[in-house]
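Its first residue numbered 348, the sequence shown is counted upward by one per residue in my numbering. Scroll down for the structure; my scribbles are underneath it.
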Amino acid sequence: MKLLTEIPCPLDADKVLSRLNAGSKEKHVQPLEKLVAKIDGKINPVLLYRECSVKAVDNSSVLIDGVRFQSRILRVNLEKTKNAFPYILTCGKAFEDLSSSLEDMLDRYYLEEIANVVLSEAQAYFLDYLGKNYGLENVSKMNPGSLPDWPLEQQKPLFSLFDKSPELASIQVRLEENMLMTPLKSLSGIAFPSDGHFENCQMCPQENCPGRKEPYDETMKDLYIKPDEC
């Protein structure tokens with residue numbers, strides 16, 4: 348089990364602006380840049396991960412270090428690898444303290460989107476880190492709750508891989524009964540070696556998603572669902 352605490356995530360106002368669901372974004376530039384300058388260096392994400400063995404169980408489930416995960420897409424993504432890297436990433440309680448210290452609701456909205464960008468950048472750093480440190484050419488990831496095939500309830504087996512570890516206690520992330528995490532700006536997922544590049548977005552038809560990284564590709568289902576399983 349390893350803990351990454353030095354994750355470079357320089358704040359970028361332009362990336363935050365691209366996520367804002369607003370008509371004229373020009374009016375947000377100055378107050379957003381002012382907030383970014385104010386909080387620069389105060390959001391420091393940390394990521395806990397472990398390297399686990401993988402064993403297919405059936406067409407729609409897989410064992411990761413003996414813990415069963417139910418997902419056809421995850422099973423197919425892991426069928427050519429013997430190892431995967433479950434992880435928990437968080438902006439930490441410091442983010443929540445910072446948010447509660449802001450009186451302006453617009454500043455809180457900006458901060459919410461800043462944290463989303465930080466989490467996205469931190470995940471990208473982690474995938475690159477795995478590639479460099481484990482000699483992997485391509486690394487992709489899946490996140491519970493991002494696709495109907497792998498619902499949020501699958502956070503429970505994922506967290507069980509970190510249960511009672513002092514490292515999990517040190518980053519102060521908890522899984523609540525509703526399967527959401529606290530602190531709120533936290534993410535969990537499983538990273539894995541891949542032949543190409545896989546993004547949850549490629550299999551999600553939701554339109555106007557500010558976090559979309561890849562366009563929806565309806566043909567992707569042919570790679571994961573056999574004709575006799577439709």
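Built from N, CA and C at the ideal position, the CB exists for glycine as well. Because the structure is a prediction, the values reported are computed rather than measured.
Less than 8 Å divides the Cβ of V401 from the Cβ of I411. A residue is called buried once 16 or more other Cβ atoms fall within 10 Å of its Cβ, and V376, having fewer, is exposed.
Looking at the backbone, the Cα of E459 and that of L445 are separated by about 11 Å. Excluding its 5 nearest sequence neighbours in each direction, D387 has C-beta neighbours in its own chain below 6 Å: L358, listed in chain order. Three or more Cβ pairs closer than 8 Å define a contact, and the stretch 518-538 meets that threshold against the stretch 428-440. For the stretch 467-494, the full-length beta strand (DSSP E) segments reaching 3 residues or more read 486-489 along the chain. Counting C-beta atoms within 10 angstroms of its own C-beta, L453 has fewer than 16 neighbours from the protein chains shown and is therefore classed as exposed. With fewer than 16 other Cβ atoms from the protein chains shown falling within 10 Å of its own Cβ, N406 counts as exposed. Taking 8 Å as the cut-off, the beta carbon of N480 is found no closer than this to the beta carbon of G543. In the structure shown, the three-state DSSP call for L367 is coil. Its chain contains C356 as the residues whose beta carbon lies nearer than 6 Å to that of E468, once the 5 sequence neighbours on both sides are disregarded; these appear in chain order.
Cβ neighbours of L364 within its own chain (closer than 8 Å, five residues either side excluded): K372, H375, V376 and L379.
Judged by DSSP secondary structure, P355 falls outside any alpha helix (DSSP H); it is assigned neither H nor E. Judged by DSSP secondary structure, Q502 falls within the alpha helix (DSSP H) whose first and last residues are Q502 to S507.
Between L477 and L483, the alpha-carbon positions lie close to 7 Å from each other. Judged by DSSP in its simplified three-state form, D542 adopts coil rather than helix or strand. With respect to F473, A516 sits apart: the two C-beta atoms are not nearer than 8 Å. Membership of R419 in the alpha helix (DSSP H) is indicated by the continuous run R419 to N424. Unbroken alpha helix (DSSP H) stretches of 4 residues or longer found wholly inside the stretch 379-447: 419-424, given in chain order. Counting the other CB atoms within 10 Å of its CB gives S448 a total below 16, which places it among the exposed residues.
A direct Cα-to-Cα measurement between G492 and K429 gives close to 24 Å. When DSSP reads this structure, R455 sits in no beta bridge, so it has no partner.
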